[in-house]
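Reviewing the structure listed below.
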Amino acid sequence: MARHLITSALPYINGVKHLGNLVGSMLPADVSARFFRAAGHEVLAICATDEHGTPAELAAAAEGMSVADYCDRYHDVQRRLGEQFLLSWDWFGRTSRPQNHELTNHLASRLKAEGFLEIRATEQVYSIADQRFLPDRYVIGTCPNCGYERARGDQCENCGKQLDPTDLIDARSAISGSSALEVRESNHVFLRQSLLSERIRAWVDAQVEWPQLTRSIAYKWLDEGLRDRGITRDLTWGIPVDPVEFPEVAGKVWYVWFDAPIGYIAATKEWADADPSGGRDWQRWWRLDRGADDVRYTEFMGKDNVPFHTLSFPGTLLGSGEPWKLVDQLKSFNWLTYYGGKFSTSEGRGVFMDQALDLLPADCWRWFLMSNAPENDDANFTWDLVGEAVNKDLVATLGNFVNRTTTQISRHFGDAVPDTGEPAEPEFEFVARVRSALSAYLDHMERLEFRKATAALRAVWSEGNTYLEQREPWRAIKTDRDAAAVTLRTAVGFARLVASASSPYLPETADRIAQMLPDDRLDAPLSPELADSILEVSGGTRFVAPGLLFGKLDDEQLAAWTERFAGAG
RNA sequence: GGCGGCGUAGCUCAGUCGGUGAGAGCACUCGGCUCAUAAUCGAGGGGUCGUCGGUUCGAGUCCGACCGCCGCUACCA
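Under the working numbering, the first residue of the first sequence is numbered 37, with each subsequent residue one higher.
Below, the structure written as structure tokens:
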């Protein structure tokens, strides 16, 4: 038994996440958490909402709410949607909670003591009308290079030229449109990543398990040279700096990218604090000097998050001088595109988590998304692929197997598992084939190779249909009732195994299949040897047909959804 | 502009250190079966591996150029 700490990139607070966000971090994290639990390991799965920063303030203002109320509301929305997608977090926390305030300030204090922080004066654009400093990209104006009128202060989207806000002609606030801007000087705390660079590189060098995408992103940044980075902001919404320790920046807050990953640890502390018995020990998962030395820590995220998780956050923990647990495996994902384009909130293109659940059950989405996950390259969402995943895999292969098996049992043997006949060579061969297919599936799961794992799981399902075709119980029942009994009892045993094997992807369906045998459940850990359990179902035990597991999607339905979600772009 | 990635059967994708006749699922064709949501099982057709050139006994796999698509480029997160 191993101990697995699993975190998924924290979803940002401003609104409902789309299916690309889901498949890039939260969903694979949950599939892995469920898999490792099913395999008998100890698992702690942590997630939280990332609540600080300018976009949260603006989104709250747009809805006429205080930012604290706004975050309360959307934290609840995201938690509920996560639960509806059957994400089995051990804890879903918030970066705005006191645990994160405390830990963020603690780590800042440690970094200061170790000499990795520095106060620097910076010049930033201040909007008088908005009464706030503007991040570069919130200043818009005409590009001096190409004349594009809606260039942003960091880069012109039209010609690609990198800009400073002061380069823009007719610069104005992207928030209010006001051109009453001025450059003001402001002190900020900088994390001296340049001093940490060699330690971070040595640590990255040791991460031989990381996938290619993760490693290449980390080395790209290291090779270009890590720059010192401002980790405070002139905002009101965030974690306030300690005015005693950092008087030069009193009244400012820590940068959201400084406090967000610390939120993984703080959310674990929330989890521990929430247990009144005091039986949960967060340090056992995060402190190498408090029992975390045998933890295997896996992070899940989209590729845009990789630099922060391979460089800045590890730099923060290494620089603290304290023995924090660092990530072991970092599984990163490319983008899920919608018919080749970006999922877009502003243009209404793509499918969002709340809409998705109105169309199909969570299990269908979980299966479609994971079997088409953007693991090695950007992956394309199309409704045809949704239809294929549901109709071919779930309905025709898995659902049909369970349905044809249970229909025949109910018809010929009633509400008990047939108990006559003895397994023979065909059953032993079947078990051997299942063991082999199951083994391939479990290997891919261990390696977090989700597309290969789903293909391998589908191959496991197929073995059931192949077996039925070979034994033809519908024919045997007419001449050799015992032979049909053995076949169908074996098929039920296989279905019970399939429920266990499929549970990481299809938790709800797995439960429904398992309910077929309410008195004879399978709870042994997932392993190739579990294939032997196929022949261990008790004949005569109570049997309940679960009914159809999945509904088919017809072409008209898919066409209607294609039309509805085409979006403005 | 810089950096990185991708371009393999109609579609979505695998192809580990370059090496027996280039793979899977879906779609398509043929056959079997009829218990099952016309589902299933078996067999088969289909690709000059973006283009051109190079290295090599041998390249989808390495090198160069070009064409096309995409991402990142550090105070949005």
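For every residue, glycine included, the Cβ atom is placed at its ideal position computed from N, Cα and C.
Fair warning: this is a prediction, and the values are worked out from it, not measured in the lab.
Identity of the residue in the options nearest residue i by Cα
| i | options | result |
| --- | --- | --- |
| L396 | P171, V103, Q593, R39 | Q593 |
| E508 | T523, G315, N436 | T523 |
| V496 | W510, A460, R511, F437 | F437 |
| T90 | D420, R173, G129 | R173 |
| G60 | S407, K514, V280, E465 | S407 |
| A546 | V52, E218, R532 | R532 |
| I176 | C182, R208, Q191, L41 | R208 |
| E218 | I236, D414, G576, Y162 | Y162 |
| V280 | V528, A144, G56 | A144 |
| A38 | Q365, R600, A75 | A75 |
| D364 | R251, D325, W419 | R251 |
| N57 | H77, Q114, E424 | Q114 |
| V277 | N141, D241, R146 | N141 |
| L19 | R469, F601, T441 | Past the edges of the chain, shown from 37 to 605, lies residue 19, and the structure says nothing about it. |
| L199 | Q506, R578, D190 | D190 |
| P540 | L147, L484, V240, L354 | L484 |
| S368 | T131, S132, P343 | P343 |
| A392 | D413, W419, D105, A242 | W419 |
| R332 | L324, H448, G338 | L324 |
| S28 | Q167, L589, S132 | Here the chain covers residues 37 to 605 and nothing more, so residue 28 does not appear. |
| E572 | P543, R146, V528, D330 | V528 |
| G338 | D394, D414, L354 | D414 |
C-beta contact flag for residue i and residue j at 8 Å
| i | j | result |
| --- | --- | --- |
| F404 | Y374 | no |
| L231 | F152 | yes |
| I570 | V467 | yes |
| L271 | S233 | no |
| A96 | A165 | no |
| T273 | H88 | It should be pointed out that residue 273 corresponds to Trp in this sequence rather than to Thr. Yes, the Cβ-Cβ distance between W273 and H88 is below 8 Å. |
| M481 | F121 | no |
| I236 | G357 | no |
| D390 | V103 | no |
| V292 | D108 | no |
| A560 | R471 | no |
| F294 | I253 | no |
| T526 | E463 | yes |
| H77 | T334 | no |
| R578 | P554 | yes |
| E411 | F530 | no |
| W239 | L94 | no |
Own chain, CB closer than 8 Å to residue i, minus 5 neighbours either side, in chain order
| i | result |
| --- | --- |
| K305 | Q135, L139, W318 |
| C83 | T43, S44, L46, P47, M62, A65, G118, L123, W125, W127, F128, G129, A303 |
| E609 | Residue numbering for the chain in the displayed model covers 37 to 605; residue 609 lies beyond these limits and cannot be assessed. |
| I301 | L139, W318, W322, W360 |
Neighbourhood of residue i by C-beta, 6 Å cutoff - its chain only, sequence neighbours within 5 removed
| i | result |
| --- | --- |
| A327 | Here residue 327 is Gly; the residue named in the question, Ala, does not match the sequence. Answer for G327: R320, listed in chain order. |
| P297 | F349 |
| S446 | A581 |
| A492 | A476, Y477, H480 |
| F586 | L430, V431, G435 |
| N223 | I155, A157, E284, V285 |
| H54 | F379, G386, F388 |
| V422 | F404 |
| T346 | A254 |
| R469 | E499 |
Contacts around residue i, its chain only, beta-carbon distance under 7 Å, and the 5 residues preceding and following it disregarded
| i | result |
| --- | --- |
| E185 | T178 |
| Q551 | V580, P582 |
| W510 | Q444 |
| A537 | L474, Y477, L493, V496, L562 |
| A69 | I42, V79, A81, S124 |
| D203 | P180 |
| R316 | W307, A308 |
| R269 | K288, V289, Y291 |
Residue i beta carbon near the ligand NAP (any heavy atom closer than 7 Å)
| i | result |
| --- | --- |
| I82 | This structure lacks the ligand NAP, and indeed carries no ligand of any kind. |
Next on the checklist: So within the region 501-531, which uninterrupted alpha helix (DSSP H) runs reach at least 4 residues, ignoring any that extend past its ends?
Outcome noted: 509-515
Checklist entry - Where are the alpha helix (DSSP H) runs, 4 residues long or more, that stay fully inside the region 238-275, in chain order? => result Listed in chain order, the complete alpha helix (DSSP H) runs (minimum 4 residues) inside the region 238-275 are 248-260.
Checklist entry - Curious, which full-length alpha helix (DSSP H) runs of at least 4 residues does the region 422-488 contain? => result 436-449, 461-482
Next on the checklist: Suppose only complete runs of 3+ residues qualify. What are the beta strand (DSSP E) ranges in the region 190-230, listed by chain order?
Outcome noted: 205-209, 217-227
Item to check | Inter-stretch contact (C-beta, 8 Å, three-pair minimum) for the region 511-526 and the region 455-462 | outcome: At 8 Å Cβ cutoff, the stretches touch.
Checklist entry - At a cut of 8 Å, does the region 487-501 reach the region 425-441 through at least three beta carbon pairs? => result yes
Next on the checklist: Could you tell me which whole alpha helix (DSSP H) segments of length 4 or greater appear in the region 315-363?
Outcome noted: Complete alpha helix (DSSP H) runs here, min 4: 319-322, 349-355.
Next on the checklist: Report the start-end ranges of each beta strand (DSSP E) in the region 47-101 that is 3 residues or longer and not cut off at the edges.
Outcome noted: Here the runs fully enclosed are 78-85.
Next on the checklist: Report the start-end ranges of each alpha helix (DSSP H) in the region 114-160 that is 4 residues or longer and not cut off at the edges.
Outcome noted: 134-149, all fully within the region 114-160.
Item to check | Contained alpha helix (DSSP H) runs [length at least 4] in the region 550-605, N- to C-terminal order | outcome: 591-600
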